[in-house]
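Just so you know, the sequences run in chain order A and B. Residue numbers for the first sequence, in my numbering: 1 to 223. Residue numbers for the second sequence, in my numbering: 224 to 446. Glycine is no exception: its CB is placed at the ideal position from the N, C-alpha and C atoms. Computed from a predicted model, the values in this text were never measured in an experiment.
There are 2 protein chains.
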Amino acid sequence: MKEQEDQSLRGRVLQQIRDGILSGKYATGDELREITVGKELGVSRTPVREALRQLELEGLVEIIPNKGARVNGITSKDVKDIYMIRSYLEGLAARWATENITEEELNELEEIVLLSEFNLRKEQQDQMVLLDGRFHALIYKASNSRMLDHVLVDFHRYVKHARASSVAEKDRAKKSVREHKAILEAIRDHDADLAEQLANEHILRVMENLRRQGYEEINKDNG
Amino acid sequence: MKEQEDQSLRGRVLQQIRDGILSGKYATGDELREITVGKELGVSRTPVREALRQLELEGLVEIIPNKGARVNGITSKDVKDIYMIRSYLEGLAARWATENITEEELNELEEIVLLSEFNLRKEQQDQMVLLDGRFHALIYKASNSRMLDHVLVDFHRYVKHARASSVAEKDRAKKSVREHKAILEAIRDHDADLAEQLANEHILRVMENLRRQGYEEINKDNG
DNA sequence: ACTTGTACAGCTGTATACAATAGTACAAAA
DNA sequence: TTTTGTACTATTGTATACAGCTGTACAAGT
């Protein structure tokens with residue numbers, strides 16, 4: 001799916017509008033005209049319409065029939081809720097990953113953690129964000145559940161901006177890698193209960209860190 | 224959103240295709256041609272395209288660029304996974320509902336439980352399905368979390384067919400109402416821990432019941 | 001027989017045309 | 001002044017036209 005979002009025109013339009021909303025370029029309450037947005041992106045109404053309809057399903061815009069699309073951005077409460085929901089579901093994902101992970105996936109997970117530790121020293125923050133994303137995405141995949149993967153990927157996308165600011169903090173990044181390592185070890189030891197608990201706590205800690213640094217700022221336009 | 228699905232042409236098309244997939248009319252692997260589907264429903268390509276793009280986001284179809292839309296039905300494993308995911312999230316929903324429910328919502332919840340007990344005696348099974356749906360939907364809403372509500376409503380829709388067969392079983396329906404009542408009481412008593420635990424167990428029991436009666440049959444076309 | 005090239009048919013991707021609807025400005029009447 | 005009716009404009013809803021891609025059938029060459 002992600003791949004298609006990159007190559008097709010509609011996919012690019014979807015991503016750009018979504019990013020526009022998540023980054024605050026389009027603020028909550030803004031009305032998105034099909035023609036206007038189309039001109040902005042250099043395309044006609046059709047791809048824009050399709051993208052807006054998809055964003056409606058995601059909840060990022062509200063479509064009022066015969067009227068238009070209204071931006072329904074993400075508030076700071078939404079972000080907080082998502083982290084809490086994720087703390088539950090990442091626990092389940094870690095549990096299922098423990099039960100279903102393949103040798104190959106386990107190796108990849110180890111590689112990611114190693115790379116993270118390496119980058120930690122070099123303070124490559126953008127790399128850290130990427131590796132953090134890959135770690136979680138791989139656990140979702142290893143859970144071997146389309147449904148769980150689907151919902152977690154969606155949520156992950158929503159909090160993309162919040163996430164970037166969290167990992168950027170060096171102190172938090174260090175702890176985060178340590179937590180990832182512990183989760184990895186629990187998975188490798190086939191200790192599903194522990195993996196679930198660790199993953200659960202990991203997200204709660206990220207959330208706590210976000211709260212401390214005041215995630216309101218990130219979404220000041222929407223919240 | 225639901226309202227708009229009913230009134231707009233695109234919304235109706237979306238619902239019809241989705242129902243077609245969930246009911247097994249369109250089986251996994253089927254290719255949905257825009258023109259063909261359009262003719263079936265008496266509309267042009269445009270609304271069909273928009274609906275298919277939305278279903279892609281839901282994961283019910285896979286869109287292969289320049290090729291078409293392939294049905295990606297729900298397997299029995301998906302249903303099982305959804306119930307497990309829901310058991311986690313309904314617990315959270317009940318917890319948050321306990322903390323945020325309004326007097327009005329509490330009254331409505333009580334009314335639903337009362338009606339359920341009444342219908343139980345009259346053995347009105349379709350009414351029971353409706354009331355069960357309303358009970359859960361109301362808890363989602365009372366949780367006062369857009370995000371949680373959104374994801375749970377989506378999942379609920381996915382397992383619609385499995386749900387109908389579960390509540391249809393009289394014995395299970397009786398127990399289900401009893402469990403709903405217990406959850407309601409925990410919410411009324413502001414006992415969030417208990418509400419969470421009860422809601423969690425409630426879904427697990429529904430799942431267990433589904434397993435016993437062999438939910439494979441319901442999705443024989445897809446699983 | 002097998003491979004390769006080519007034309008064709010069918011479908012999607014995108015743009016645009018036309019219809020329907022909703023909001024607005026403004027004038028006429030009370 | 002307020003209300004109401006009306007015409008107009010802007011925007012969406014739907015259909016369709018056209019371009020581009022993909023897979024296939026079939027023939028030509030090896």
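For Tyr311/B and Leu92/A, believed in contact at Cβ under 8 Å, the rounded distance = 6 Å
query = Mapping DSSP to helix, strand and coil, what is Ala292/B?
reply = strand
query = Which stretch, first to last residue, makes up the beta strand (DSSP E) that contains Glu285/B?
reply = 284-287
ask   = Where does Glu392/B fall in DSSP's three states?
value = coil
task = Please state whether DSSP places Glu179/A in a helix, a strand or coil.
result = Helix, per DSSP.
ask   = What is the rounded straight-line gap between the Cα of Asn423/B and the Cα of Glu313/B?
value = 6 Å
key: Cβ-based contacts, 7 Å cut-off: residues of the stretch 138-151 of chain A near chain B   = Taken in chain order, the members of the stretch 138-151 of chain A whose beta-carbon sits within less than 7 Å of a beta-carbon on chain B are Ser145, Arg146, Met147, Leu148, His150, Val151.
ask   = Can you name, in chain order, every residue of its own chain whose Cβ lies under 7 Å from the Cβ of Ile82/A, other than the five neighbours on each side?
value = Phe155, Tyr158, Val159
ask   = What do you get for Pro270/B, buried or exposed, if any count of 16 or more other CB atoms within 10 angstroms of its CB means buried?
value = buried
task = Return the bridge partner residues of Leu255/B from the DSSP annotation.
result = Ala292/B
ask   = Are there 16 or more other CB atoms within 10 angstroms of the CB of Ser368/B, so buried, or fewer, so exposed?
value = buried
ask   = Of the residues Leu280/B, Gly252/B, Thr251/B, Ser267/B, which one's Cα is nearest the Cα of Ile258/B?
value = Ser267/B
ask   = Taking Cβ-Cβ distances shorter than 8 Å, what residues in chain B pair up with Ser44/A?
value = Within 8 Å Cβ-Cβ: nothing; Ser44/A doesn't reach chain B, min ~13 Å.
key: Closer than 9 Å at the beta carbon, the chain B residues around Tyr76/A   = Rather than Tyr, the amino acid found at residue 76/A in this sequence is Ser. Here the premise fails: no neighbours, minimum Cβ distance about 12 Å.
query = Beta carbon of Ala418/B, beta carbon of Thr325/B: below 8 Å?
reply = no
query = Which residues in chain B sit within 9 Å of Glu58/A, going by Cβ to Cβ distance?
reply = Leu280, His373
key: Residue interval of the alpha helix (DSSP H) (run including Tyr381/B)   = 369-381
query = In chain B, which residues lie with their C-beta within 7 Å of the C-beta of Tyr88/A?
reply = Tyr311, Leu312, Leu315
query = Cα-Cα, which of Gln125/A, Ser8/A, Arg10/A, Arg188/A is closest to Ile139/A?
reply = Arg188/A
query = Where does Ser339/B sit, in a helix, a strand or coil, going by DSSP?
reply = helix
ask   = Whole-angstrom Cβ separation of Glu333/B and Leu407/B, contact assumed at under 8 Å?
value = 7 Å
task = Please decide whether Met447/B counts as near chain A, where near means a Cβ-Cβ distance under 8 Å.
result = No answer is possible for residue 447/B: the residues shown for chain B start at 224 and end at 446.
request  = Kindly say whether Ile426/B, judged by its beta-carbon, lies nearer than 8 Å to any beta-carbon of chain A.
outcome  = no
Span separating the alpha-carbon of Asn432/B from that of His403/B = 16 Å
ask   = Does any C-beta atom of chain A lie closer than 8 Å to the C-beta of Gln277/B?
value = yes
key: N- and C-terminal bounds of the alpha helix (DSSP H) containing Tyr311/B   = 299-323
request  = Please name the residue in Val260/B, Asp253/B, Glu254/B, Arg357/B whose C-alpha comes closest to that of Gln239/B.
outcome  = Val260/B
Proximity winner among Arg86/A, Leu9/A, Glu56/A, Ile112/A, relative to Lys72/A (alpha-carbon distances) = The sequence given here has Asn at residue 72/A, not Lys. For the residues Arg86/A, Leu9/A, Glu56/A, Ile112/A, the minimum Cα distance to Asn72/A belongs to Glu56/A.
query = Using a Cβ-Cβ cut-off of 6 Å (strictly less than) and excluding sequence neighbours within five positions of Leu32/A, which residues of its own chain qualify?
reply = Within its own chain, the residues whose Cβ lies closer than 6 Å to the Cβ of Leu32/A, once the five positions on either side in sequence are excluded, are Ala69, listed in chain order.
ask   = What span of residues does the alpha helix (DSSP H) with His136/A cover, start to end?
value = 125-142
Cutoff 6 Å; reference Met430/B; Cβ partners in own chain excluding five residues on either side = Tyr306
query = Going straight from the alpha carbon of Arg272/B to that of Lys262/B, what length do you get?
reply = 13 Å
inquiry  = In this structure, how does DSSP classify Gln177/B when only helix, strand and coil are distinguished?
reply    = For residue 177/B there is no data in the structure shown, the boundaries of chain B being 224 and 446.
task = For Asp414/B, go through chain A and note every residue whose CB falls closer than 9 Å to its CB, in chain order.
result = Within 9 Å Cβ-Cβ: nothing; Asp414/B doesn't reach chain A, min ~19 Å.
message = Can you tell me whether Ala409/B is helix, strand or coil according to DSSP?
response = helix
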